[in-house]
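So the structure is just underneath, and the comments pick up after that.
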Amino acid sequence: GLSLSLGVQAQNGTDDPVLMRVDGQPVTRSEFEAIYKKNNQDAPVTKEALDEYLELFVNYKLKVREAETLGMDTMAGFLQELAGYREQLARPYLIDRELNEELLQEAYDRSQEEVRASHILVQLPADPSPQDTAEAWARIMALRDRIVAGEDFAAVARSKGGSDDPSAQKNGGDLGWFSAMQMVYPFESAAYGTPVGELSAPVRTRFGYHIIRVQDRRPARGQIRVAHIMLRSMDQDPAEKQADVERRINEVHALLTNGEISFEDAALRYSEDDATSAKGGELPMFGTGKMIEEFEDVCFALPTDGAISEPFQTRLGWHIVKRLEYKAPPSFEASRAELKQKIARDSRADIT
C-alpha cells in the first residue's frame, strides 16, 4: 500500500535528510528544495508557501502512482492518511497563527493608549540561583509593603536598599509616558493591566523584579515632525548667562514673528544644535517617549502644520519649534505589517 511519513529522518547519516516517504520511496530535502525553487523562483519562502507547495508535491507523486495503475481502494486509504497528516501539520501552525493574531490585536489596542508609570527594580543576576530569586522576591515585597503602608513611592525608590535602577535617584522611578513595544513585554503587560493610582504585584522581567505604579493614561498622540532652534543653557550656568540666552531666544522669536527671517535661515544662523542647524532645524518624525517630555508636550500642542511655538525651556536650554507634519495613530490594517515586524523583534515573540 501507499504510505506517507513526514518529518526529517536523518538515519541516512548525511546532510541530505529524508523529508518524507511516498509508498516507501524516499524524498530527500535536496529533491524537494530543487523542485520547489524551480517552480517558485520569485516567491518568498514562507511557512504558508511551503505547506501549500507540499500538498501540491504530494498530489503530483500520487498522480505518478495513478499512472502506474494505482488501485482506487489504496488511493482512498492514502488520501485518508494524507488528510490525517495535513491536520497534524496544520495544528501547530494554526495555533501559532491564532496566537500571532491575538498578539497583533493586543499590541494594536495598547498602541492606542499611552501610560505614565513609575517603577522600582530589584535586580537579578543573568542566571539567578533559587536563593537569588527568593532574596529578590523578599526584598521587592518588603518595598511594596512600605508603599502600601503609606510611604511615598519616589521616596522608597530613592531610599537605601530601594530601587536598583540608577536613574531612580534623580526621577524617583518615574519613567514618563510610554506605549506598546517600548518596554519589555511582561513589564508592558503589568503596566497596562494596573489601574491608574494603583500598585502592581511584583512582575519579573529579564532585569529582575519590578513593582509599578500607574499614574495616568491618555489616548495615543500619534507622530509628529518638527524643526527646532535651540540655544544651550544649563541650570548650573551663571545667572547672567541664563538671562542672556533667554534674551537672545526672544529676539529670534521676534524676527520669526515679524517675518524678517525664515525658520530655516534662523535655525542655520542661530541654533546651537549642530546635528540639525544645517538642515533648517529639522528633526526625524517621533512619537511619545523619544524626546524630553516638555519638548514633546509643546510639539504636540501645536495646532497646525507651519505653526511656531513661543520660546520654552528644557534642561538642555531654550527652544522654538515649528510643526512640519502630523500623523494620527494608524488603523489596525494600516499598522498590521509594521506591528508584525515589531512583534518578531520584541520580547513578546518569545511566547510564539
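Using my numbering, you'd call the opening residue of the sequence shown number 1333 and step up by one each time. Every residue gets a Cβ at the ideal spot worked out from N, C-alpha and C, and that includes glycine. Being a predicted model, the structure only gives us computed values, none of them experimental.
Got a sec? Which residues, its chain only, sit under 6 Å from residue i by beta carbon, not counting five neighbours each side?
i	result
residue 1421	Any answer about residue 1421 is weak, because its pLDDT of 45 lies below 50 and its placement is not dependable; what the coordinates show is given next. Cβ neighbours of residue 1421 beyond the five flanking positions: none.
residue 1550	1446
residue 1600	1609
residue 1607	none
residue 1348	1360, 1361, 1362
residue 1573	none
residue 1469	none
residue 1339	With a pLDDT of 41 at residue 1339, under the threshold of 50, the predicted position of this residue should be treated as unreliable, though the coordinate-derived value follows. Correct list: empty, nothing qualifies.
residue 1619	1555
residue 1669	none
Nearest to residue i by CA position, among the options, is which residue?
i	options	result
residue 1613	1596, 1620, 1633	1596
residue 1649	1366, 1557, 1438, 1578	1578
residue 1611	1618, 1598, 1361, 1669	1598
residue 1639	1668, 1435, 1589	1589
residue 1473	1491, 1490, 1454, 1461	1454
residue 1458	1486, 1553, 1536, 1365	1536
residue 1532	1479, 1637, 1616	1479
residue 1582	1502, 1465, 1602	1602
residue 1290	1538, 1545, 1539	What is shown of the chain runs 1333 to 1684, which leaves residue 1290 out entirely.
residue 1494	1571, 1514, 1656, 1541	1541
residue 1452	1591, 1676, 1501, 1434	1501
residue 1657	1616, 1461, 1665, 1676	1616
residue 1471	1565, 1514, 1442, 1534	1534
residue 1565	1605, 1548, 1539, 1553	1605
residue 1662	1444, 1434, 1433	1444
residue 1627	1482, 1655, 1483	1655
residue 1665	1475, 1357, 1433, 1358	1433
residue 1636	1592, 1557, 1477	1557
From the DSSP secondary-structure annotation, give me the bridge partner or partners of residue i.
i	result
residue 1451	1544
residue 1509	1448
residue 1649	1564, 1646
residue 1551	1445
residue 1665	Answer by DSSP bridge pairing: none, since residue 1665 is not bridged.
residue 1558	1655
residue 1618	1556
residue 1531	1545
How far does the alpha helix (DSSP H) with residue i in it reach, from first residue to last?
i	result
residue 1577	1571-1589
residue 1502	1500-1503
residue 1521	1517-1524
residue 1680	Careful: residue 1680 lies outside any alpha helix (DSSP H) and carries neither H nor E.
residue 1295	This structure cannot settle anything about residue 1295, because the visible part of the chain is limited to 1333 through 1684.
residue 1599	1595-1602
residue 1477	1462-1480
residue 1610	Unbroken run through residue 1610: none, as it is neither H nor E.
residue 1487	1485-1490
If you follow the beta strand (DSSP E) that residue i is part of, which residue opens it and which one closes it?
i	result
residue 1536	1535-1537
For residue i, which residues of its own chain have a beta-carbon under 7 Å away from its beta-carbon, when the five flanking residues on both sides are left out?
i	result
residue 1679	1516, 1517
residue 1344	Interpretation of residue 1344 is limited by its pLDDT of 46, a score under 50 that renders its predicted location unreliable; the figure taken from the coordinates is listed afterwards. So the list reads 1350, once near-sequence residues are dropped.
residue 1671	1436, 1439, 1440
residue 1399	Its pLDDT being 48, under 50, residue 1399 is placed unreliably in this model, and the value from its coordinates should be taken loosely. Cβ neighbours of residue 1399 beyond the five flanking positions: none.
residue 1464	1456, 1457
residue 1548	1448, 1528
residue 1539	1453, 1455
residue 1526	1532, 1544, 1546
residue 1405	Annotation note: pLDDT 48 at residue 1405 (below 50); position unreliable, no value reported.
Apart from the five residues on each side of it in sequence, which residues of its chain come closer than 8 Å, Cβ to Cβ, to residue i?
i	result
residue 1424	Residue confidence is low: residue 1424 scores 48 on pLDDT, short of 50, so the model does not pin down where it sits. Its coordinate-derived value is still stated next. Same-chain partners within the cutoff: there are none.
residue 1642	1585, 1652
residue 1624	1646, 1647, 1648
residue 1498	none
residue 1401	Because the pLDDT at residue 1401 is just 47, under 50, the model does not fix this residue reliably, and the point stays unresolved.
Margin query: For the structure I just gave you, are there three or more beta carbon pairs, one from the stretch 1625-1637 and one from the stretch 1517-1532, closer than 8 Å?
Written below: no
Next item on the list: Would you check if the stretch 1496-1511 and the stretch 1442-1461 touch, i.e. whether three or more CB-CB distances between them fall below 8 Å?
Entry: Between the stretch 1442-1461 and the stretch 1496-1511, the count of Cβ pairs shorter than 8 Å is three or higher; the stretches touch.
Check: Below 8 Å, can you find three or more Cβ-Cβ pairs linking the stretch 1566-1580 to the stretch 1487-1501?
Finding: no
Checklist line | contact_flag[the stretch 1641-1657, the stretch 1546-1565] where n(CB pairs < 8 Å) is 3 or more | finding: yes
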